[in-house]
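Numbering (the UniProt record's numbering), first residue to last: 1 to 607. For each residue, glycine too, the CB sits at the ideal point set by N, CA and C. Notes to accompany the following structure.
Listed below in structure tokens is the structure:
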């Protein structure tokens, strides 16, 4: 099992987290609101119009900007919060408060020791993640959590995060629409915004506290770290205890990864989806795969799926030991949950699963202190071997496989319980049931949608991507849902309805926007992109500061040249300026693709 020293460190952190359950954490939630002409907040020019905060109850501060800031500071100091929670306070609220307070010579020293707030940041997944440090207080920005833990959310905005967590009752107003709203509407919106921040925090922070406890890292720090960095802390701690130096094993080149297979496009019913996520840590544990055990001199040669490496078996590897500890603890917690559900116990078992599953990716991550590309390659090869054997068992036991990828295997027919038990009896995989799908539609590899428990989810489908307009995504989502539920005529009606809306320009300008990310400075692009063209317009025509990682909402207007050169920020566009033929073509292509699998599987066969 895991070393005593690691246990002492982690258990101490867990005890601190545990104590927080019984000690009331004074938490302050807040959000600022500014009216802007451009739709982009400039802290040096744009003033705070309103500010909402919650301590024991929600309060709205409005009126004179100087009075708003002074009242906020007064309430903040009187309440003396242990924790501050918001959404984008690192990039929006604190920079705005800081600049506006300077204008009035207001002291914004919010640290518990009277120190000033400190701004820093880092580049992560194409965006600059900023951090506001406040001495003696936890500052938790839910946006940083969305960016790391919800990678499939198109823009990571608060409404997307709320929907992902099934927190209902919030519709985000685009910044450029704020100036159009009445004070009464804005006050209601701001109250609701803070309410949603509270609900999201309640839903997500138990998990984050569990991650902090496992890693022994304060929550405000760990929520701004990558999963790889978290694993690195845990692994390095034990490696150093054993006297193992940092390492780089194997050339940093690509290796064959996951196995992806699709029977054929179409619609299928009563699909069993078995989860492969626990397969990878179980392979690590069973084969003793760790940075210091693979190709480090000596050991047993393993050749599988065209890959050949040597594994030391005489000493238990650090990562197998960590994985074993995580999985054993998770099993213990899951047993407790069978007796009685507890939100925090559930959060901890999920956190343990995430940490165990991340170990495979860590070994092949270039940023790892203990990088071993060969170990990661071997795990991937073993996974392919086991997946093919899982396929064989399913087919031998009467199942028909529909789809396979690194996340799991989906099949129809056969007794799924007997199949799963046989797989886990024969192989060290611990495969689990993900869900039973009422009906699923498959377009291509890595692109499908499922109907289960009355809701529709999607992987790789246009309606979960950011590079398609909302109006087209809404149409596709509803059409897919009605087709999967058997409402064919309603799906056809929706197809006509949304096409007419686009043709006649009957929509809000934000509903036609595509979201593009600025991955570098506009002048650094060798080839023009929609994002670089729109960014230059923002800078040169409107004096807006742009930066890499920034999301720009773009519309295509009428004019000469290709669509890229006719890209404009939506804040600067009217509906009559739009090239509706461009959007009609995009709509027709998307919806035609959407219907294709349903033609392969005639509806009268399965309704």
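### Task
Give a yes or no on whether the C-beta atoms belonging to residue 97 and residue 75 are separated by under 8 Å.
no
### Task
Report the three-state DSSP secondary structure of residue 499 (helix, strand or coil).
The answer is helix: DSSP assigns residue 499 an H, G or I state.
### Message
Which of the three DSSP states is assigned to residue 553 in this structure?
### Response
Three-state result, residue 553: strand.
### Message
Rounding to the nearest angstrom, what Cα-Cα distance links residue 22 and residue 406 in this structure?
### Response
Low per-residue confidence applies at residue 22: pLDDT is 47, beneath 50, and the placement is therefore not dependable enough to give any value.
#### Entry: Residue range of the unbroken alpha helix (DSSP H) whose run includes residue 270
Looking at the DSSP string, residue 270 is not in any alpha helix (DSSP H); the run it does join, the beta strand (DSSP E), is 266-275.
### Message
Give me the residue from 147, 109, 314, 149 with the minimum Cα distance to residue 133.
### Response
109
### Task
Ignore the nearest five residues each way along the sequence and tell me which others in residue 520's own chain have a CB closer than 6 Å to its CB.
548
### Query
From 60, 104, 92, 53, pick the residue whose C-alpha is nearest to that of residue 83; which is it?
53
### Any beta strand (DSSP E) of 3 or more consecutive residues that is wholly inside the segment 129-184
The qualifying runs are 138-141.
### Message
Considering Cα atoms alone, identify which of 264, 271, 67, 100 is closest to residue 453.
### Response
271
### Message
Can you tell me whether residue 396 is buried or exposed? The criterion is at least 16 other CB atoms within 10 Å of its CB, across all chains shown.
### Response
exposed
### Task
Using 10 angstroms around the beta-carbon of residue 266, count the other beta-carbons present and answer buried if the total reaches 16, otherwise exposed.
buried
#### Entry: Cβ-Cβ distance between residue 363 and residue 357 below 8 Å
no
### Task
Starting from the C-beta of residue 32, find all residues in its chain whose C-beta is less than 6 Å away, skip the five residues before and the five after it, and write them out in chain order.
48, 51, 93, 96
### Task
Give a yes or no on whether the C-beta atoms belonging to residue 300 and residue 311 are separated by under 8 Å.
yes
### Continuous beta strand (DSSP E) stretch holding residue 383: start and end
Here residue 383 belongs to no beta strand (DSSP E); instead the alpha helix (DSSP H) covers 373-396.
### residue 517: first and last residue of the uninterrupted alpha helix (DSSP H) it sits in
Premise fails: residue 517 lies in the beta strand (DSSP E), 514-517, not in any alpha helix (DSSP H).
### Task
Would you check if the segment 333-345 and the segment 254-268 touch, i.e. whether three or more CB-CB distances between them fall below 8 Å?
no
### Message
Taking only three categories from DSSP, how would you classify residue 342?
### Response
coil
#### Entry: Same chain, Cβ closer than 7 Å to residue 198, neighbours up to 5 away in sequence not counted
29, 54
#### Entry: Under the three-state DSSP convention, the category residue 407 falls into
coil
### Query
Any idea what DSSP makes of residue 368, helix, strand or coil?
Reduced to three states, the DSSP call for residue 368 is coil.
### Message
Once the 5 residues before and after residue 275 are set aside, which same chain residues still bring their CB inside 6 Å of it?
### Response
408, 432, 434
### Query
My guess is that residue 212 and residue 218 are in contact by the Cβ rule of under 8 Å, so how many angstroms apart are they, rounded?
6 Å
### Query
Which residues does DSSP pair with residue 568 in a beta bridge?
555
### Query
Going by DSSP, what residues sit across from residue 29 in a beta bridge?
The partner list for residue 29 (beta bridge, DSSP) reads 54, 85.
### Task
Identify whether residue 491 lies in helix, strand or coil by the three-state DSSP scheme.
helix
### Query
Are the Cβ atoms of residue 526 and residue 554 separated by less than 8 Å?
It is not a contact, given that the beta carbons lie outside the stated cut-off.
### Query
Quick one: Cα of residue 293 to Cα of residue 317, how far?
6 Å
### Message
When you compare the CB positions of residue 87 and residue 158, do they come within less than 8 Å of one another, or not?
### Response
yes
### Message
In this structure, how does DSSP classify residue 458 when only helix, strand and coil are distinguished?
### Response
Residue 458: strand per DSSP, three-state reduction.
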